[in-house]
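**Student:**
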Amino acid sequence: MESFIEWGYLGLFLASFLGATIIPLSSEIVLSFLILNGYDFKLSLLIATIGNWLGGLSSYYLGRLGRWETLERFFNLKKEKIHHLKTKIDKWGSTLAFLCWLPIIGDPIAVSLGFFRINYILVAIWMLFGKIFRYIIWSFFTVWGISLI
Numbered sequence: 109m110e111s112f113i114e115w116g117y118l119g120l121f122l123a124s125f126l127g128a129t130i131i132p133l134s135s136e137i138v139l140s141f142l143i144l145n146g147y148d149f150k151l152s153l154l155i156a157t158i159g160n161w162l163g164g165l166s167s168y169y170l171g172r173l174g175r176w177e178t179l180e181r182f183f184n185l186k187k188e189k190i191h192h193l194k195t196k197i198d199k200w201g202s203t204l205a206f207l208c209w210l211p212i213i214g215d216p217i218a219v220s221l222g223f224f225r226i227n228y229i230l231v232a233i234w235m236l237f238g239k240i241f242r243y244i245i246w247s248f249f250t251v252w253g254i255s256l257i
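For what it's worth, our numbering labels the leading residue of the sequence shown as 109, then goes sequentially.
1) Can you round the beta-carbon distance between ILE197 and ILE233 to whole angstroms, since I take them to be within the 8 Å contact cut?
2) Pick out whichever of ALA205, ALA128, ALA156, ILE229 has its Cα sitting closest to the Cα of ILE244.
3) Should the region 140-159 be regarded as contacting the region 196-214, the criterion being three or more beta carbon pairs within less than 8 Å?
4) Please determine if the region 209-225 and the region 245-255 are in contact, where contact requires at least 3 C-beta pairs separated by less than 8 Å.
5) Mind checking GLY253: buried by the 16 CB within 10 Å criterion, or exposed?
6) Assuming GLY174 and GLY127 form a contact by the criterion Cβ under 8 Å, report the distance between their Cβ atoms to the nearest whole angstrom.
7) So SER124 packs on GLY146, CB below 8 Å; how close in whole Å?
8) Helix or strand or just coil, what does DSSP make of PHE141?
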């Protein structure tokens, strides 16, 4: 984490991008550190959001590369289970992308949306809204928390 912090905005972008993939990274720590150390608040928020959004879209594209046979063969998922998952995803569609910021389930949601080829433009828009929401809330609590000290 220290390397990302030392790299400033570039480190924030990289931590945010990687944090939205299957790599477990906490970009929030880097964002908080930069905000608390005088980096521009709006620019930090923008960089974290764009990095995390692009990382989430890379997970979506990873899902698009998936094939039914791979899921059955390597993950031991039966077609019935896959169809059941597709039914759930079809019910909510691209709006599920808003939840891609959530820990643990966010990455599988992004990959699933890509695998089932849910509309890319709508996924990108909903995912962006979710990422913005995430970092605005986190930044607010960072600034508010420090004001209490």
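Glycine residues also receive a C-beta, built at the ideal position from the N, C-alpha and C atoms.
**Tutor:** In brief:
1) Numbered from its first residue, the sequence shown carries residue 197 at position 89. Numbered from its first residue, the sequence shown carries residue 233 at position 125. Incorrect: roughly 17 Å between the Cβ atoms, too far for contact.
2) Position 136 of the sequence shown, counted from the start, is the residue given in the question as residue 244. Answer by Cα proximity: ALA156.
3) no
4) no
5) Position 145 of the sequence shown, counted from the start, is the residue given in the question as residue 253. Burial call: exposed.
6) The residue labelled residue 174 in the question sits at position 66 within the sequence shown. The residue labelled residue 127 in the question sits at position 19 within the sequence shown. Not a contact, Cβ separation roughly 22 Å.
7) Here residue 124 is taken as the residue at index 16 of the sequence shown, counted from 1. Here residue 146 is taken as the residue at index 38 of the sequence shown, counted from 1. Between GLY146 and SER124 the Cβ distance is about 19 Å, and since that is not below 8 Å, they are no contact.
8) In the sequence shown, counting from the first residue as 1, residue 141 sits at position 33. Of the three classes helix, strand and coil, the one that applies to PHE141 here is helix, per DSSP.
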